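A.B. asks: Below: one structure in C-alpha cells.
Numbering (the working numbering), first residue to last: 23 to 359.
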C-alpha cells in the first residue's frame, strides 16, 4: 500500500507542474501506483482473510458488517472534503482578505467553534435516539453546503467565508465522531484496534490523495488565470499591448525597478492588477471546493444504507475490569440476565 500510494502521489504532483499530464513520466508513475494499489486490494480481498482489512470486520450479522464498511468509506469521504478546507481556506484567506498572520489564524478559529458545537449537539442526538444514520446524513449535508458556499466566494465576501468556515467545522465535528463510533460499535471486540487502525490509515491516505489532486488542479488553474487576468486588467487601463508581457512578469515577480521603467504604468493600473490577482485566486480556488461537493453528495447517499444499530448503542462493556456505575448500566445488565 505504501509503495503504491507513494508512486501514485508522485505522479499526481509531477503532472501539471514540472511535466505535462500527457508526459510519459507522469503517466507511468500514476498508472504504476494505481496497479500496485489495486493489487493490494485484491490480495486483501482474495489472498487473505486476516490481513489489514480483516474479513471479520465486514461480515458481521444484522447489518453490522455493512455498516462498518460504509463507515470506513465515509471516513475517506470526510478526509477528501476536510482536505479542501484545511489546505485551501488559509490560501483563500491570505489571497483575498488578510495577510496578517494573527488575523489569518483567528479567522480559522471559526471552524473549531463550529466543530465543538456540532459534535456536542449531534452527539447528544445520536446518544438520545441511539442512531448514527440520521445525524451522519445531517453532518454530511451541512459539510456539503459549506463546500457549496466556499465555491461562491468572491474577493469581497469576507464575512461569508467565516460563516462557511463555521459551517464546515459544524459538519466536520458531527461526521468525525459518529463515523468512528459506527466502526467501533459494529466491529467484533477483538478487532477494535484493527478496525480503528484501518479508519485512521484510510483517512490519512485519502487526505494525501486529495492534497495531491486538489493542488495539481489549483496549480494548473492559477498558472493559467493569473497572467491572463492581469494582462486583461492592464490593457483595460490603457497599457500598450507591447508592454503587457513585461508588465505582467514584473508585477508577478514584484520587480519595482522594471515596473517604474515601464511606460504607461500608473497607480490605477497597479490597483486594477491587484484586484485582478484576487479575482484570479478566487476563480482558481473555486474549482477545489466544487470538486469536494460530489464527495459529500455520495456520502449522503451512502448514509441511507447504514444499518439500525440501536441495540449496540448501550452502556455494556465487553470485558470490564471494574464495576461500572454509569447511567443505564443496570438496565443493560438486567437485559443480559
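Glycine included, every Cβ here is placed at the ideal spot set by N, Cα and C.
Treat the numbers as computed from the prediction; the structure is a model and nothing was measured.
To the nearest angstrom, how far is the alpha carbon of residue 262 from that of residue 298?
C.D. replies: One-based indexing of the chain shown puts residue 262 at position 240. One-based indexing of the chain shown puts residue 298 at position 276. Spanning the two alpha carbons is a distance of roughly 18 Å.
A.B. asks: Among 120, 331 and 252, whose alpha-carbon lies nearest the alpha-carbon of residue 275?
C.D. replies: Taking the first residue of the chain shown as position 1, residue 275 is located at position 253. Selected option, being the one with the closest Cα: 252.
A.B. asks: Does the distance from the CB of residue 18 to the CB of residue 79 come in under 7 Å?
C.D. replies: Only positions 23 to 359 of the chain appear in the structure, and residue 18 is not among them; the question remains open.
A.B. asks: Could you tell me whether the stretch 280–292 touches the stretch 319–336, where touching means 3 or more Cβ pairs closer than 8 Å?
C.D. replies: Because the criterion of three Cβ pairs below 8 Å is not met, the stretch 280–292 and the stretch 319–336 do not touch.
A.B. asks: Would you call the stretch 219–233 and the stretch 97–113 in contact, with 3 or more CB pairs under 8 Å?
C.D. replies: Yes, they touch.
A.B. asks: If you run the structure through DSSP and keep just helix, strand and coil, what is residue 37?
C.D. replies: As a working note, residue 37 is residue 15 in the chain shown. Three-state DSSP puts residue 37 in a strand.
A.B. asks: In whole angstroms, what is the alpha-carbon distance linking residue 296 and residue 322?
C.D. replies: The sequence position of residue 296 within the chain shown is 274, counting from 1. The sequence position of residue 322 within the chain shown is 300, counting from 1. Approximately 40 Å, taken between the alpha carbons.
A.B. asks: Quick one: residues in its chain with C-beta nearer than 7 Å to the C-beta of residue 29, no 5 flanking neighbours on either side, listed in chain order?
C.D. replies: Counting from 1 along the chain shown, the entry for residue 29 is found at position 7. Excluding sequence neighbours, residue 29 sits near 51, 54, 55 and 58.
A.B. asks: Starting from the C-beta of residue 307, find all residues in its chain whose C-beta is less than 7 Å away, skip the five residues before and the five after it, and write them out in chain order.
C.D. replies: For the purposes of this step, residue 307 is taken as residue 285 along the chain shown, with counting starting at 1. If we look at residue 307 and ignore the five residues flanking it on each side, its Cβ neighbours are 110, 113, 114 and 240.
A.B. asks: Using only alpha-carbon positions, find the residue among 172, 64, 91 and 137 that is nearest to residue 304.
C.D. replies: Taking the chain shown and counting its residues from 1, the one referred to as residue 304 is at position 282. Of 172, 64, 91 and 137, the residue nearest in Cα terms is 172.
A.B. asks: With the cut-off set at 7 Å, would you say residue 311 and residue 169 are in Cβ contact?
C.D. replies: The residue labelled residue 311 in the question sits at position 289 within the chain shown. The residue labelled residue 169 in the question sits at position 147 within the chain shown. Yes, they are a contact pair.
A.B. asks: Counting along the chain, where does the alpha helix (DSSP H) carrying residue 307 start and finish?
C.D. replies: Along the chain shown, one-based indexing puts residue 307 at 285. Residues 289–325.
A.B. asks: Is the beta carbon of residue 190 sitting closer than 7 Å to the one on residue 107?
C.D. replies: Within the chain shown, residue 190 is the residue found at index 168, counting from 1. Within the chain shown, residue 107 is the residue found at index 85, counting from 1. Closer than 7 Å, so yes.
A.B. asks: In three-state terms, what does DSSP make of residue 222?
C.D. replies: Translated into positions along the chain shown, residue 222 becomes position 200. The answer is helix: DSSP assigns residue 222 an H, G or I state.
A.B. asks: So for residue 116, helix, strand or coil by DSSP?
C.D. replies: Taking the first residue of the chain shown as 1, we reach residue 116 at position 94. Here residue 116 sits in helix by DSSP.
A.B. asks: Could you give the DSSP three-state label for residue 149: helix, strand or coil?
C.D. replies: Here the question's residue 149 lines up with position 127 in the chain shown. Looking at residue 149 - three-state DSSP - the assignment turns out to be helix.
A.B. asks: Buried or exposed: where does residue 141 fall if 16 or more other Cβ atoms within 10 Å of its Cβ makes it buried?
C.D. replies: Taking the first residue of the chain shown as 1, we reach residue 141 at position 119. Its Cβ being crowded by 16 or more others within 10 Å, residue 141 is buried.
A.B. asks: At the level of alpha carbons, what is the spacing between residue 277 and residue 137?
C.D. replies: Sequence index remark: in the chain shown, residue 277 carries index 255 (1-based). Sequence index remark: in the chain shown, residue 137 carries index 115 (1-based). Cα to Cα, residue 277 sits roughly 43 Å from residue 137.
A.B. asks: Rounding to the nearest angstrom, what Cα-Cα distance links residue 204 and residue 249 in this structure?
C.D. replies: Numbered from its first residue, the chain shown carries residue 204 at position 182. Numbered from its first residue, the chain shown carries residue 249 at position 227. Rounded to the nearest angstrom, the two C-alpha atoms are 48 Å apart.
A.B. asks: So, for residue 27: in the same chain, excluding its five sequence neighbours on each side, which residues have a beta-carbon less than 8 Å away from its beta-carbon?
C.D. replies: The residue given as residue 27 occupies position 5 in the chain shown. Taken in chain order, the residues that qualify are 55, 59, 227, 230 and 231.
A.B. asks: Please report how far the alpha carbon of residue 320 lies from the alpha carbon of residue 161, in whole angstroms.
C.D. replies: Counted from its first residue, the chain shown places residue 320 at position 298. Counted from its first residue, the chain shown places residue 161 at position 139. Distance between the alpha carbons of residue 320 and residue 161 is about 13 Å.
A.B. asks: Just the C-alpha distance for residue 280 and residue 269, rounded to the nearest angstrom, thanks.
C.D. replies: The count along the chain shown starts at 1 and reaches residue 280 at position 258. The count along the chain shown starts at 1 and reaches residue 269 at position 247. Cα-Cα distance, rounded: 8 Å.
A.B. asks: For the alpha helix (DSSP H) containing residue 47, name the first residue and the last one.
C.D. replies: Taking the first residue of the chain shown as 1, we reach residue 47 at position 25. Note, residue 47: alpha helix (DSSP H), 46–64.
A.B. asks: Alpha carbon to alpha carbon, how far is residue 237 from residue 42? Give it in angstroms, no decimals.
C.D. replies: Here residue 42 corresponds to residue number 20 of the chain shown, with the count starting at 1. Here residue 237 corresponds to residue number 215 of the chain shown, with the count starting at 1. Approximately 15 Å, taken between the alpha carbons.
A.B. asks: Taking DSSP as the reference, what is the three-state secondary structure of residue 211?
C.D. replies: One-based indexing of the chain shown puts residue 211 at position 189. Three-state DSSP puts residue 211 in a helix.
A.B. asks: Starting from residue 274, trace the alpha helix (DSSP H) in both directions and tell me its first and last residue.
C.D. replies: Taking the first residue of the chain shown as 1, we reach residue 274 at position 252. Element bounds for residue 274: 266–274.
A.B. asks: Quick check on this structure: which residue in 167, 145 and 64 has the alpha carbon closest to the alpha carbon of residue 198?
C.D. replies: Position 176 of the chain shown, counting from 1, holds the residue named residue 198. The candidate whose alpha carbon is nearest that of residue 198 is 145.
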